[in-house]
Amino acid sequence: GAGVSQSPSNKVTEKGKDVELRCDPISGHTALYWYRQSLGQGLEFLIYFQGNSAPDKSGLPSDRFSAERTGGSVSTLTIQRTQQEDSAVYLCASSLLGVDTQYFGPGTRLTVL
Amino acid sequence: QKEVEQNSGPLSVPEGAIASLNCTYSDRGSQSFFWYRQYSGKSPELIMSIYSNGDKEDGRFTAQLNKASQYVSLLIRDSQPSDSATYLCAGDSYNQGGKLIFGQGTELSVKP
Chain F
1 GAGVSQSPSN KVTEKGKDVE LRCDPISGHT ALYWYRQSLG QGLEFLIYFQ GNSAPDKSGL
61 PSDRFSAERT GGSVSTLTIQ RTQQEDSAVY LCASSLLGVD TQYFGPGTRL TVL
Chain E
1 QKEVEQNSGP LSVPEGAIAS LNCTYSDRGS QSFFWYRQYS GKSPELIMSI YSNGDKEDGR
61 FTAQLNKASQ YVSLLIRDSQ PSDSATYLCA GDSYNQGGKL IFGQGTELSV KP
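Line order of the protein sequences matches chains F and E. With this note's numbering applied, the first sequence closes on residue 113, and no number is skipped along the way. With this note's numbering applied, the second sequence closes on residue 112, and no number is skipped along the way.
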């Protein structure tokens, strides 16, 4: 079956521009996580959606970051007024339930010039 | 104290040796634990999950869970150069709203 997909795979943008990153989770998975991973670093938790509950936004680094999940499926992570320090790989993962095995997408590599 | 802690390494072992990767966690209520492998430039992929005290074996991999001491380990027998990667430990945390918490990862290098 289809795994988690993310688009675009690569995104190069100029400082100050807004970007949108998309995640399509595995069908039927109720939980969806966004992470950021800088080069050589661990996973930095950003946001967590679980079913119809209010999302856990505790990992978002600033108010320039936001995410939504429409219809309990596709999620979009938006970064406004991008900065060079936002350059990283953004990973999405989904799981059947919040504390189940997470399946990761291939990531979006964001480069802010 | 971090919820899930791992030694960052790098851990270097010769080919054919046993690699031992360790992880400690702080939430005594944690029930589910996972080991992921991440090759450079790739996404993490699940190696094993463990939920009960004791050992769980899958091929060359053995996960060990000790809830009393709050640690989880992963043993890789007959290590191969292809095992060289970063290994991420994760555990559920109800202190953190019931989500999975990842450690920072341990880099493993298997030398031929």
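All residues carry an ideal CB built from backbone N, CA and C; glycine is no exception.
Item: Spatial neighbours of Thr24 (chain E) in its chain, beta-carbon cut-off 7 angstroms, leaving aside the 5 residues before and after; Value: Glu5, Gln70 and Tyr71
Item: C-alpha distance - Ser75 (chain F) paired with Asn10 (chain F), whole-angstrom precision; Value: 17 angstroms
Item: Own chain partners of Ser38 (chain F) with C-beta closer than 6 angstroms, once the 5 adjacent residues on each side are dropped; Value: Ala88
Item: 8 angstroms Cβ cutoff, Phe65 (chain F) in contact with chain E; Value: no
Item: Under 7 angstroms by beta carbon: chain F residues contacting Gly105 (chain E); Value: Gly42
Item: Beta strand (DSSP E) runs contained entirely in the segment 6-77 of chain F, provided each spans 3 or more residues; Value: 10-13, 19-24, 31-37, 44-50 and 65-69
Item: First through last residue of the beta strand (DSSP E) which encompasses Val13 (chain E); Value: Leu11 to Pro14
Item: Listed by chain order, chain E residues near Gln84 (chain F) by CB distance under 9 angstroms; Value: None at all; the shortest Cβ gap to chain E is about 21 angstroms.
Item: Beta carbon proximity, Phe61 (chain E) to chain F, threshold 8 angstroms; Value: no
Item: Own chain residues within Cβ distance below 6 angstroms of Lys17 (chain F), not counting five before or after; Value: Thr82
Item: Local conformation of Glu85 (chain F) per DSSP, three classes; Value: helix
Item: Alpha-carbon spacing of Ser73 (chain F) relative to Glu14 (chain F), whole angstroms; Value: 29 angstroms
Item: For Tyr48 (chain F) and Tyr33 (chain F), the rounded distance between their alpha carbons; Value: 5 angstroms
Item: Short CB-CB distance (under 8 angstroms) between Asp24 (chain F) and chain E; Value: no
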